[in-house]
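Just remember that this note's numbering sits 115 ahead of the position in the sequence shown, which is counted from 1. Even for Gly, the Cβ is constructed at its ideal location relative to N, Cα and C. Heads up: the structure comes next, in structure tokens.
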Amino acid sequence: MNDNPVATTPTRPYMIRAIYQWIEDNQLTPYLMVDATADNVQIPTEHVQDGRIVLNIASRATGNMSMENDYINFSARFGGVSQEIWVPLKAVLGIYAKENQQGMFFDPNEYDNYTPASESSATPSKPKAAARPKRDNKAGLKVLK
116 MNDNPVATTP
126 TRPYMIRAIY
136 QWIEDNQLTP
146 YLMVDATADN
156 VQIPTEHVQD
166 GRIVLNIASR
176 ATGNMSMEND
186 YINFSARFGG
196 VSQEIWVPLK
206 AVLGIYAKEN
216 QQGMFFDPNE
226 YDNYTPASES
236 SATPSKPKAA
246 ARPKRDNKAG
256 LKVLK
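Shown next as structure tokens:
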């Protein structure tokens with residue numbers, strides 16, 4: 116028997132994607148609960164309560180959603196203003212359906228001893244700014260005839 120534990124990747128990104136898909140497939144509204152105090156979280160701070168924020172991540176409420184193994188990124192409107200949202204996966208506390216509360220909450224210690232192979236330092240960082248699409252601040256709606 117091998118006494119050396121094998122370093123495994125966290126299950127959180129895979130579970131979030133699976134539960135998100137299940138919620139969307141059932142025409143429910145996926146809510147993401149986020150630790151607003153975590154490093155590298157980019158969220159509208161005016162909506163934070165008790166150090167947490169709950170985000171509606173339904174495909175109809177977000178734009179350019181990207182769920183990677185290290186972060187979730189999308190754009191959404193808050194008070195009529197479009198904002199770019201960045202959530203490191205270790206800041207995600209849970210994902211659930213608004214309508215019936217079914218979903219999953221995560222072990223807050225899951226990332227304690229995890230260091231991604233591609234990460235050279237122990238400090239997590241936001242994805243490279245160059246990877247973000249350039250956007251102008253003009254409205255994206257057009258009148259079609």
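Query, Result
"DSSP state of Ile87, grouped into three classes?", "Shown here, the chain extends from 116 to 260; a query on residue 87 therefore has no answer."
"Let me know the beta strand (DSSP E) ranges lying completely inside the region 140-192, each 3 residues or longer, listed in chain order.", "145-150, 167-171 and 178-182"
"On the DSSP bridge assignment, give the partners of Gln75 in chain order.", "Since the first residue shown for the chain is 116 and the last is 260, residue 75 is missing from the structure and cannot be characterised."
"Residues in the same chain with beta-carbon distance under 6 Å from Ile172, minus the five sequence neighbours each way, listed in chain order, please.", "Pro145 and Leu147"
"At what residues does the beta strand (DSSP E) containing Ala206 begin and finish?", "Taken as a continuous stretch (DSSP letters only), Ala206 belongs to no beta strand (DSSP E), as it is neither H nor E."
"Within its chain, find whatever has a CB closer than 7 Å to the CB of Tyr129; leave out the 5 residues flanking it on each side and keep chain order.", "none"
"Roughly how many angstroms separate the alpha carbons of Phe108 and Pro159, rounded to a whole number?", "As shown, the chain starts at 116 and ends at 260. That puts residue 108 outside it, with no answer to give."
"What number of angstroms, rounded off, separates the C-alpha of Gly166 from the C-alpha of Ala153?", "9 Å"
"If contacts are defined as beta-carbon pairs under 8 Å, then Trp201 and Asn188 qualify, I think. What distance do you get, rounded to the angstrom?", "5 Å"
"For Asp185, which residues of its own chain have a beta-carbon under 7 Å away from its beta-carbon, when the five flanking residues on both sides are left out?", "Pro203, Leu204 and Pro231"
"Quick check: what's the CA-CA separation for Val207 versus Gly195?", "25 Å"
"Beta strand (DSSP E) containing Gly218: first to last residue?", "Gly218 to Phe220"
"Quick test of your reading: Ser76 and Met182, contact by CB under 8 Å. State the CB separation rounded to the nearest angstrom.", "Within the shown structure, residues of the chain are numbered from 116 to 260, placing residue 76 beyond reach of any answer."
"Select from Ile210, Thr123 and Asn224 the residue whose C-alpha is nearest the C-alpha of Ile310.", "Outside the modelled stretch of the chain, which goes from 116 to 260, sits residue 310, for which no answer is possible."
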